[in-house]
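This report refers to the structure that appears directly beneath it.
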Amino acid sequence: MLNSVKAADAPLAAGEAADGRRRRLSAEDRRKQLVGIGLQMLRTQPIHDLSIDAVAAEAGISRGLLFHYFPTKRDFYIAVMSAAGRRLLRVTAPDPALPPDEQLRQMLLSFVAFVSRRRDSYISFVRGAAGGDVYVVEVYANTRAALTTRVLDLLGDSAAAARPASPVRLTVHAWLAYVEDLAIEWSGLPESSRSSTPDELVTHFVDALHCLRTL
1 MLNSVKAADA PLAAGEAADG RRRRLSAEDR RKQLVGIGLQ MLRTQPIHDL SIDAVAAEAG
61 ISRGLLFHYF PTKRDFYIAV MSAAGRRLLR VTAPDPALPP DEQLRQMLLS FVAFVSRRRD
121 SYISFVRGAA GGDVYVVEVY ANTRAALTTR VLDLLGDSAA AARPASPVRL TVHAWLAYVE
181 DLAIEWSGLP ESSRSSTPDE LVTHFVDALH CLRTL
């Protein structure tokens, strides 16, 4: 009896129907499943180290079938990196009902929380871009560009986003690299060794941005 209750309460595996039989996933659902597995594995390893065989095994399909959904290994890697970038943009999106300065703080607090919670995954995302594949680098660059545009919008200088050589755009883009690096280093410290709270860290980021804009 106890075993039957446990079985009834157990969550369904991906692709498993309520009666325990495997159900056939649509092509779109299968792609989402495979990308989701890739995102999980990205938590502990850079994108170029992901094993296609391991991803296929986790999904319960053959390596050959995975390549039916993603023609090449690179296509799969790009899909995973793109999903990671979209996730970052989604979870750091501020509430548009707030004043711009509060939206900026909310965005930065969400970014620090995201890096702290998924530090290994985020480092893998960064290292994936550092791997040099032009398409993976492009995904990372597009994510950084979208964050830059978001900050410029909040600063009331949306037009600068369309001008690659704009001094204010270059400044915000470089400042985001500083925010990223400091958030990674800060989140890697034991909580007892951190000299600032997340709120204090965000205040530092905002002050640094304003100082840079005056140079």
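Letter by letter, the sequence shown follows residues 1 to 215 in the UniProt record's numbering.
Backbone N, C-alpha and C define an ideal beta-carbon position, used for all residues, glycine too.
All values reported here derive from a predicted model rather than from experimental measurement.
As assigned by DSSP and simplified to three states, the class of Ser-121
helix
Taking Ser-158 as the reference, which of Leu-209, Gly-188, Thr-149 has the closest Cα?
Thr-149
Could you check whether Gln-33 and Leu-25 sit closer than 8 Å to each other, using their CB atoms as the reference points?
yes
Pop quiz: Leu-209 and Trp-175 are said to be a contact at Cβ under 8 Å. What is the actual Cβ separation, rounded to whole angstroms?
5 Å
Does the Cβ-Cβ distance between Arg-118 and Ile-184 come in under 8 Å?
no
Please determine if the region 44-53 and the region 86-103 are in contact, where contact requires at least 3 C-beta pairs separated by less than 8 Å.
no
Excluding five sequence neighbours on each side, which residues of the same chain lie with their C-beta closer than 7 Å to the C-beta of Leu-201?
Val-112, Trp-186
Report the residue from Arg-213, Leu-212, Phe-205, Thr-214 whose alpha carbon sits nearest the alpha carbon of Leu-109.
Phe-205
What do you get for Leu-65, buried or exposed, if any count of 16 or more other CB atoms within 10 angstroms of its CB means buried?
exposed
Do Arg-127 and Tyr-69 come within 8 Å of each other at the CB atom, strictly closer than that value?
no
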